[in-house]
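Chains as they are written, first to last, in this note's numbering: chain A, 114 to 305; chain B, 114 to 305. The beta carbon of each residue, even a glycine, is placed where N, CA and C say it ideally should be. Step one of this worksheet: look at the structure below.
There are 2 protein chains.
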Amino acid sequence: MRGSTRDGADVESDRSRILAAARRLFNESGVQTVGMDAIRTASGVPLKRLYRAFPAKEDLLQAVLQERDLEVRETLAAYVEEHADTPRERILAVFDYLDEWFGQPDFRGCLFINTVGELGAVSPRVTEVARVHKRAFRDQLRELVDAAGLPAERADQLAVLANGAMATAGITASREPARQAREVARILLAAD
Amino acid sequence: MRGSTRDGADVESDRSRILAAARRLFNESGVQTVGMDAIRTASGVPLKRLYRAFPAKEDLLQAVLQERDLEVRETLAAYVEEHADTPRERILAVFDYLDEWFGQPDFRGCLFINTVGELGAVSPRVTEVARVHKRAFRDQLRELVDAAGLPAERADQLAVLANGAMATAGITASREPARQAREVARILLAAD
DNA sequence: CGCGGTTGAGAACGGTCGTTCTCTGGCCGC
DNA sequence: GCGGCCAGAGAACGACCGTTCTCAACCGCG
Chain A
114 MRGSTRDGAD VESDRSRILA AARRLFNESG VQTVGMDAIR TASGVPLKRL YRAFPAKEDL
174 LQAVLQERDL EVRETLAAYV EEHADTPRER ILAVFDYLDE WFGQPDFRGC LFINTVGELG
234 AVSPRVTEVA RVHKRAFRDQ LRELVDAAGL PAERADQLAV LANGAMATAG ITASREPARQ
294 AREVARILLA AD
Chain B
114 MRGSTRDGAD VESDRSRILA AARRLFNESG VQTVGMDAIR TASGVPLKRL YRAFPAKEDL
174 LQAVLQERDL EVRETLAAYV EEHADTPRER ILAVFDYLDE WFGQPDFRGC LFINTVGELG
234 AVSPRVTEVA RVHKRAFRDQ LRELVDAAGL PAERADQLAV LANGAMATAG ITASREPARQ
294 AREVARILLA AD
């Protein structure tokens with residue numbers, strides 16, 4: 114019935130394979146040093162289908178960032194739900210989440226902070242996706258802050274704190290910043 | 114007396130002109146998108162002398178980072194000295210310094226955070242210079258923390274906080290994160 | 001006045017990258 | 001069994017980058 118012999122399921126599987134490969138490579142080595150050939154080799158998807166799924170490298174990068182955006186929101190929400198009972202514990206659990214994240218062997222810092230550092234000056238799209246992500250992260254904190262009955266400004270403050278842990282851990286390759294940020298958050302909550 | 118007709122003063126002036134141009138361009142557009150030709154044009158120093166002063170682009174980048182490292186240490190120390198009297202005010206003045214920095218029209222985030230995001234995965238030298246810088250920054254905070262009679266761990270915590278302000282401001286292009294971080298620091302100090 | 005050496009400007013080189021094109025082989029309906 | 005179409009693999013293309021080289025102009029000095 115379709116004009117093409119390739120149906121939607123194949124294209125979808127292409128997309129996810131490409132996204133998985135690109136995300137791993139971008140995280141490992143940055144965006145500019147990873148060529149489309151490397152993505153093709155890692156994903157096993159030929160160049161022609163690769164360019165059919167993503168007309169340009171920047172489209173692929175944007176899709177990687179948006180996928181990662183969703184993933185962070187979901188895994189963070191799930192982690193907080195799983196590891197904490199009271200509203201205040203939920204806020205502190207965000208920093209335990211960071212601690213676990215930083216300890217993963219492939220951790221190389223926050224993809225959004227890194228990518229803005231690499232391409233923010235030349236790609237407004239990248240900057241915009243990063244802003245959306247950081248705003249969403251702040252909004253997740255806002256919900257937790259509201260539920261704990263804390264002043265709304267705490268959300269922005271905790272977000273700055275968490276971003277600081279990500280940036281510092283990305284440079285020092287250590288999970289210590291997560292614990293330091295957690296302690297600040299604990300003191301902050303105790304002051305209210 | 115020398116074998117060459119160029120004396121040391123000229124080479125020094127080359128170096129500083131190259132460094133000034135490279136620093137401006139790297140900050141504006143990142144490292145990889147700025148070619149050596151652009152640095153030659155912006156500095157007015159011909160390619161041959163450019164490569165005599167810095168045998169490779171990575172040497173130039175390292176020199177730019179080290180120069181910026183010294184500059185931050187000095188201007189931060191001077192700012193704190195100038196704008197605060199008591200030990201606790203000195204700590205808060207660090208965040209006022211960030212506020213002023215973020216407000217500058219050419220602010221595009223912390224050069225070290227950005228450069229590690231761009232090249233940390235492929236250039237150990239860049240990562241190392243950034244680590245040295247962030248350690249020195251933390252040590253400056255440690256002196257202020259000691260002088261205020263606060264527990265030593267506050268230094269690392271304040272450093273994470275300040276790096277968070279830098280990373281957040283780099284993405285959102287706003288000086289608000291400096292004020293949010295300052296407020297966290299204020300609460301932190303009030304708790305001791 | 002001539003000359004060796006050094007300079008500046010830019011061309012050249014080797015490599016890489018994003019993107020497109022070619023070509024060969026195989027699968028489809030008929 | 002056959003002709004047309006589509007896919008895959010990779011070559012090709014144009015652009016650019018870091019680095020080196022060429023070459024003509026110029027300098028101080030004898």
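Whole angstroms is fine: what's the gap from residue i's alpha carbon to residue j's?
{"i": "D259(B)", "j": "L132(A)", "result": "49 Å"}
{"i": "E171(A)", "j": "A135(B)", "result": "26 Å"}
{"i": "V297(B)", "j": "L254(A)", "result": "15 Å"}
{"i": "R130(A)", "j": "S156(A)", "result": "6 Å"}
{"i": "P159(B)", "j": "T188(A)", "result": "53 Å"}
{"i": "L301(A)", "j": "D219(B)", "result": "33 Å"}
{"i": "A261(B)", "j": "R201(B)", "result": "6 Å"}
{"i": "A282(B)", "j": "R248(A)", "result": "12 Å"}
{"i": "A206(A)", "j": "E213(A)", "result": "10 Å"}
{"i": "G143(B)", "j": "Q175(B)", "result": "14 Å"}
{"i": "M149(B)", "j": "L178(A)", "result": "30 Å"}
{"i": "T146(B)", "j": "A169(A)", "result": "18 Å"}
{"i": "I226(B)", "j": "L173(B)", "result": "18 Å"}
{"i": "R288(B)", "j": "C223(B)", "result": "13 Å"}
{"i": "V242(A)", "j": "D198(B)", "result": "42 Å"}
{"i": "V193(A)", "j": "N140(A)", "result": "25 Å"}
{"i": "A191(A)", "j": "R203(A)", "result": "11 Å"}
{"i": "T240(B)", "j": "E231(B)", "result": "10 Å"}
{"i": "G116(B)", "j": "R244(B)", "result": "Since pLDDT at G116(B) reaches only 34, below the 50 mark, its modelled position is unreliable, and no value is offered."}
{"i": "Q217(A)", "j": "R181(A)", "result": "16 Å"}
I believe residue i touches residue j by the beta-carbon criterion, under 8 Å. Please report the beta-carbon distance rounded to the nearest angstrom.
{"i": "A268(A)", "j": "A278(A)", "result": "About 16 Å; that fails the 8 Å criterion."}
{"i": "A166(A)", "j": "R128(A)", "result": "5 Å"}
{"i": "A234(B)", "j": "R221(A)", "result": "6 Å"}
{"i": "V229(A)", "j": "I284(B)", "result": "5 Å"}
{"i": "F215(B)", "j": "A294(B)", "result": "With a Cβ gap of about 10 Å, F215(B) and A294(B) do not count as contacting."}
{"i": "A265(A)", "j": "R251(A)", "result": "A265(A) to R251(A), Cβ: 11 Å. No contact."}
{"i": "A275(A)", "j": "L211(A)", "result": "6 Å"}
{"i": "A280(A)", "j": "A280(B)", "result": "4 Å"}
Is the Cβ of residue i closer than 9 Å to any Cβ of chain A?
{"i": "A190(B)", "result": "no"}
{"i": "R244(B)", "result": "yes"}
{"i": "V235(B)", "result": "yes"}
{"i": "M343(B)", "result": "Outside the shown range of chain B (114 to 305) lies residue 343(B), about which nothing can therefore be said."}
{"i": "V158(B)", "result": "no"}
{"i": "V207(B)", "result": "no"}
{"i": "E141(B)", "result": "yes"}
{"i": "E256(B)", "result": "no"}
{"i": "L301(B)", "result": "yes"}
{"i": "R238(B)", "result": "no"}
{"i": "V177(B)", "result": "no"}
Check whether chain B comes within 9 Å of residue i, counting only Cβ atoms and requiring the distance to be less than that.
{"i": "K170(A)", "result": "no"}
{"i": "P290(A)", "result": "yes"}
{"i": "E184(A)", "result": "no"}
{"i": "G262(A)", "result": "no"}
{"i": "G216(A)", "result": "no"}
{"i": "E195(A)", "result": "no"}
{"i": "A280(A)", "result": "yes"}
{"i": "Q270(A)", "result": "yes"}
Complete runs of the alpha helix (DSSP H) confined to the stretch 190 to 221 of chain B [at least 4 residues] = 200 to 216
Ordered list of beta strand (DSSP E) runs contained in the stretch 226 to 289 of chain B, each at least 3 residues | Those beta strand (DSSP E) runs which fall completely within the stretch 226 to 289 of chain B and span 3+ residues do not exist here.
Inside the stretch 146 to 172 of chain B only - alpha helix (DSSP H) runs reaching at least 4 residues | List check, alpha helix (DSSP H) in window: 149 to 156, 160 to 166.
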